[in-house]
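Visitor: Handing you this structure, nothing more for now.
Protein chains in written order, with the numbering used here: chain A, 1 to 200; chain B, 1001 to 1200.
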């Protein structure tokens, strides 16, 4: 069995959301599993000096248009959230708590959080919304709430984010396959070829 | 006849170079002509606050790797130039001078300048190199030299760069089709669909 693909993403990233709708089918087609690794772009931006797209003159206007068009292109339900971008710390903590408890269901949680934010305009920066989404995929609400507040989960989250940046992750989605990094939903064509050929 | 596609690019942009190897075939397939519009990314970066990729932590390392891999993916000869990025003011001026003199041959000049820089490691920030490349595609060296220094050509260059920024161009390549903007060689899949369907 070939090594799993590392899939890094930020829950506030539209392109990460689009990637999340496609990564598993792509990986499975080539006999690969996917490690879902939510991170915090804000932490990476402290290293790169980057800004959230909407804040950048010219690029922000383009990005807003490209989000919508790209979602249509990839066939994913999407609307620009009322509040964008947002802090996703509670969502990431909930994910890593869930991963320790039930790895398979944690992937359902990641997808549900993305759908809640980008398709249903739920404000997943709010702990209550994260708990609601987690409950919908079958977790116990009190356990999730406790998990989000647990110091060990906070430490795990920080360690994961630091490790991502240590591997050079600065954007979302960011996929690493056998050490080879790919940034962006728009590198899925290269990822496909890489998986099929083992590099070129 | 449908309207021409506007193809904006910077001569120091690897992704612009890759796009330049593909844009005409793509446009022709859909009955479109291409307006080649070299611009100066440095001027756009004054508006966006952006930096050249190599100067950005994490992103710069990734970009250098992605340039090489993307060139292989797209089948274009490429090496990271010894000096990168560079000022391309003489190249852009030579192009707009050439465009006024011989529009068809000016496109050959654009392609030859890109090839000189990204395949042959010629330093096209130097006026003498630009003149050499222009001579190779059939222009008269003394006329090119005079053109690059001509105030009217300088004014035309500035007007084109300002107009590009006015249209929201902040990256390279940047393609506008019937008012719809597309940024990046990695939007060619969307461009292809847009040209085929008239939007979606």
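The beta-carbon is built from N, C-alpha and C at its ideal position, and this holds for glycine as well. In this text, all values refer to a predicted model and were calculated from it rather than measured experimentally.
Give a yes or no on whether 8 Å exceeds the smallest Cβ distance from residue 84(A) to chain B.
Guide: no
Visitor: Name the chain B residues that come within less than 7 Å of residue 168(A), Cβ to Cβ?
Guide: Chain B residues near residue 168(A): 1058, 1061, 1062.
Visitor: Chain B partners of residue 48(A), CB-CB under 8 Å?
Guide: 1056, 1057, 1058, 1059
Visitor: Between the alpha carbons of residue 17(A) and residue 1066(B), how many angstroms are there, rounded?
Guide: 22 Å
Visitor: Counting C-beta neighbours from all protein chains within 10 Å, is the total for residue 1179(B) 16 or more, i.e. buried, or is it exposed?
Guide: Exposed, by the Cβ-count rule.
Visitor: When we look at the beta-carbon of residue 241(A) and count the other beta-carbons within 10 Å, is it buried (16 or more) or exposed?
Guide: Because chain A in this structure spans residues 1 to 200, residue 241(A) falls outside the shown range and cannot be described.
Visitor: Could you tell me whether the Cβ of residue 179(A) comes closer than 8 Å to any Cβ of chain B?
Guide: no
Visitor: On the DSSP bridge list, what partners appear for residue 180(A)?
Guide: Within the DSSP secondary-structure output, residue 180(A) pairs in a beta bridge with 177(A).
Visitor: At what residue ranges does the segment 1128-1158 of chain B contain a whole run of the alpha helix (DSSP H), taking only runs of 4 or more?
Guide: 1141-1149
Visitor: With a threshold of 8 Å between beta-carbons, can residue 10(A) be considered close to chain B, or not?
Guide: no
Visitor: Could you give the distance in angstroms between the alpha-carbon of residue 1186(B) and the alpha-carbon of residue 107(A)?
Guide: Cα to Cα, residue 1186(B) sits roughly 28 Å from residue 107(A).
Visitor: So what's residue 1187(B) in DSSP terms, helix, strand or just coil?
Guide: DSSP places residue 1187(B) in helix when its eight states are reduced to three.
Visitor: Expressed to the nearest angstrom, what Euclidean distance is found between the alpha-carbon atoms of residue 102(A) and residue 1027(B)?
Guide: Whole-angstrom Cα-Cα distance: 50 Å.
Visitor: Would you call the CB atoms of residue 144(A) and residue 124(A) closer than 8 Å?
Guide: no
Visitor: List the DSSP bridge partners of residue 36(A).
Guide: 7(A)
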